[in-house]
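Engineer: Residues in the sequence shown are numbered consecutively from 30, following this note's numbering. All C-beta atoms in this analysis are idealised placements derived from N, C-alpha and C, irrespective of residue type, glycine included.
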Amino acid sequence: MKIVIDTNVVASAVFFGGKPRILLEMLMKRQVEAYASPSIINEYQETCDELLSRYPVKPLLLPLNHIISACRLIEPQSKVSVCRDPDDNKFIECAMDAGCVYIVSGDKDLLSVKAHAGIRIVTVADFLDALV
């Protein structure tokens, strides 16, 4: 199943575990197919670097470089303007151009869109429930 994973899910998996970690472990086992653009990868890196600077003694539960290497990189051509936070549009653009079914997120701005161009925007829990 093709998905795009929002940054907050990646950061939660790396630093805190829980259901986000389950999802990212599925990605690394190739049980789901996640797509990302260079700007999404950059945001993953910047967010995790920021969290590392705030919590330098917190052990990382998953290596970010393994997550990034498990993602399929694309350069989206689509442009949309549907999110309250314009910075979130890149996730929809990537999902559209990769032919994804879901965007998995914990971001209220992105989740408020609910769906766009046939792509459902769901929480990690809802996505994992949909797999069963």
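From which residue to which residue does the beta strand (DSSP E) around residue 84 run?
Structural biologist: Careful: residue 84 lies outside any beta strand (DSSP E) and carries neither H nor E.
Engineer: In three-state terms, what does DSSP make of residue 48?
Structural biologist: Of the three classes helix, strand and coil, the one that applies to residue 48 here is helix, per DSSP.
Engineer: Please list the terminal residues of the continuous alpha helix (DSSP H) segment that includes residue 96.
Structural biologist: From DSSP, the alpha helix (DSSP H) with residue 96 extends over 93-99.
Engineer: Does DSSP put residue 140 in a helix, a strand or coil?
Structural biologist: If DSSP states are grouped into helix, strand and coil, residue 140 belongs with the helices.
Engineer: Please state whether DSSP places residue 119 in a helix, a strand or coil.
Structural biologist: Helix.
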